[in-house]
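Novice: Residue numbers (my numbering): 59 to 177.
Dropping the structure in here first, questions after.
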């Protein structure tokens with residue numbers, strides 16, 4: 059019987075939880091404190107982790123810069139919290155799926171209101 063979750067998925071979920079905690083309580087940069095982690099993808103050899111995030115502020119580039127700047131600190135803190143031989147290198151990527159979803163919802167609402175106006 060196959061395992062329900064692979065090691066990569068378990069590591070990714072643990073990384074997401076630990077990083078969210080670190081960003082909320084340990085990182086002092088206010089640009090990095092206003093982010094929400096949506097997903098973590100870990101490479102097959104566990105050497106790289108791609109962390110997807112969304113931000114409440116309008117400037118996603120400054121949030122990405124703050125997270126990239128804090129990546130070394132976050133990685134060192136993860137090494138103390140997780141029982142792994144090596145902690146993956148952290149790569150932060152802005153998650154545009156939420157923005158695309160909201161834009162699609164607006165377009166659907168607009169199309170529905172246009173069709174009801176014509177009736």
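Just so it is clear, CB atoms sit at the ideal spot from N, CA and C, and this is done for glycine as well.
Considering only the beta carbon of each residue, do residue 100 and residue 66 sit closer than 8 Å?
Specialist: In this structure, residue 66 lies closer than 8 Å to residue 100 by Cβ.
Novice: Measure the alpha-carbon distance for residue 102 versus residue 172 and round it to whole angstroms.
Specialist: 48 Å
Novice: Taking C-beta to C-beta, are residue 69 and residue 104 nearer than 8 Å?
Specialist: yes
Novice: Give a yes or no on whether 8 Å exceeds the smallest Cβ distance from residue 138 to chain C.
Specialist: Among the chains of the structure shown, chain C does not appear; only one protein chain is present.
Novice: In terms of alpha-carbon separation, which member of 136, 149, 84 lies closest to residue 122?
Specialist: By alpha-carbon distance to residue 122, the top candidate from 136, 149, 84 is 149.
Novice: Hey, how far is the Cα of residue 145 from the Cα of residue 160?
Specialist: 35 Å
Novice: Would you check if the distance between the CB atom of residue 85 and the CB atom of residue 91 is smaller than 8 Å?
Specialist: yes
Novice: Hey, could you find the ends of the alpha helix (DSSP H) residue 72 is sitting in?
Specialist: 65–83
Novice: Apart from the five residues just before and just after residue 113, which ones in its own chain have a Cβ nearer than 7 Å to its Cβ?
Specialist: 92, 93, 121
Novice: Just the C-alpha distance for residue 139 and residue 76, rounded to the nearest angstrom, thanks.
Specialist: About 8 Å.
Novice: Report the option in 106, 131, 111 whose CA atom is closest to the CA atom of residue 157.
Specialist: Looking from the CA of residue 157, the closest CA among 106, 131, 111 belongs to 111.
Novice: How many Å lie between residue 74 and residue 129 at the Cα?
Specialist: 14 Å
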